[in-house]
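Per my numbering, the sequence shown runs over residues 555 to 792. Notes to accompany the following structure.
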Amino acid sequence: MKTIIVIPTYDEKENIEKIINKIFDVIDSVDILVVDDNSPDGTGQIVKNMISSNSRIHILERQGKQGLGKAYCAGFAYALERDYDFIMEMDADFSHNPEEIPNFLSAIKENDLVIGSRYISGVNVVNWPLKRLLLSYFANVYTQKVTGMKIKDATGGFKCFRADMLRKINLAEVKTNGYGFQIEMNFRMWKLGGRIKEIPIIFIDRIEGESKMSKDIIWEAVFLVWKLALGIIKVKKA
Ligand SMILES: Nc1nc2c(ncn2[C@@H]2O[C@H](COP(=O)(O)OP(=O)(O)OP(=O)(O)O)[C@@H](O)[C@H]2O)c(=O)[nH]1
Ligand SMILES: [Mg+2]
């Protein structure tokens, strides 16, 4: 079974080499794909230097910052073309702990989507300002209420997809680009009848590099859940 971990990056020069090395310390039987949007800080070059001595590392370079959703869709298309069985998502900024990757790979054996959840047993978030935590927590309550999806953490980006299910989604139709992208992908998998499992993770706020969170990303997600719930965005059904 072949697994690839897709890591989108924009200006992650402080983190990218460390996170790749840490992932391989934990598990050496995976490939890593960095999707870099031509980061001005040279993140792409750091990855290319690493590729010269490790064939498990890959890079997809895009012309400029086009948002997280588009980066992920490009990364998924790359992985699906190359026949990986499992496709993981993960941030570059150490908010997602590589030590938890084996838990995803174990749970995906019997599921189609495994979601790392901050809100299964209490609130497992370290170092986030209260404002950011409340935003995330209530965004998830709101998403559950409006869409009816029983997912406690629908906005997180530490996930693993079974490629055969991901293939059923037309990636060109995926609309959302900010953190609503995660909600939209979960919704599409749910409507396809995918087996979805949440496993607990501990989320740690980034220590190095800068956040790309913005008001636009929040508003996009606020409207997205209604568009999904009301069928304004059409998704394939099982
Ligand atoms: N390729 C690409 N990667 C992006 C883009 N925006 C964010 N990323 C990456 O996506 C991951 C998540 O972005 P973050 O900035 O950490 O977003 P966040 O987790 O919501 O916010 P903070 O953790 O508070 O910074 C990181 O690895 C970013 O480098 C983008 O437009 N293109
Ligand atoms: Mg982050």
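Heads up, the beta-carbon is just placed ideally off N, CA and C, and yes, glycines get one too.
Rounded to whole angstroms, how far is the Cβ of residue i from the Cβ of residue j, which I believe are closer than 8 Å?
| i | j | result |
| --- | --- | --- |
| residue 634 | residue 720 | 7 Å |
| residue 567 | residue 595 | 4 Å |
| residue 573 | residue 652 | 7 Å |
| residue 700 | residue 780 | 6 Å |
| residue 581 | residue 641 | Not really, about 15 Å apart at Cβ, beyond 8 Å. |
| residue 687 | residue 677 | 7 Å |
Would you say the beta carbon of residue i comes nearer than 7 Å to a heavy atom of ligand 1?
| i | result |
| --- | --- |
| residue 770 | no |
| residue 620 | yes |
| residue 566 | yes |
| residue 766 | yes |
| residue 734 | no |
| residue 563 | yes |
| residue 591 | yes |
| residue 702 | no |
Can you determine whether any heavy atom of ligand 2 sits closer than 7 Å to the C-beta of residue i, and answer yes or no?
| i | result |
| --- | --- |
| residue 649 | yes |
| residue 707 | no |
| residue 672 | no |
| residue 585 | no |
| residue 645 | yes |
| residue 686 | no |
| residue 742 | no |
| residue 760 | yes |
Return the CA-CA distance between residue i and residue j, expressed in angstroms with no decimal places.
| i | j | result |
| --- | --- | --- |
| residue 666 | residue 725 | 17 Å |
| residue 664 | residue 627 | 24 Å |
| residue 629 | residue 644 | 12 Å |
| residue 610 | residue 602 | 12 Å |
| residue 638 | residue 598 | 23 Å |
| residue 658 | residue 584 | 13 Å |
| residue 575 | residue 753 | 24 Å |
How should residue i be labelled, buried or exposed, when 16 other C-beta atoms within 10 angstroms of its C-beta is the threshold for buried?
| i | result |
| --- | --- |
| residue 785 | exposed |
| residue 648 | buried |
| residue 750 | buried |
| residue 593 | buried |
| residue 562 | buried |
| residue 723 | buried |
Tell me the start and end of each unbroken alpha helix (DSSP H) in the region 675-760 that is at least 4 residues and wholly inside, in chain order. 684-701, 717-720 and 734-745
Completely contained alpha helix (DSSP H) runs for the region 605-674, where each covers 4 or more residues: Positions of the alpha helix (DSSP H) runs, each at least 4 residues long and wholly inside the region 605-674, are given as 622-635 and 655-661 in order along the chain.
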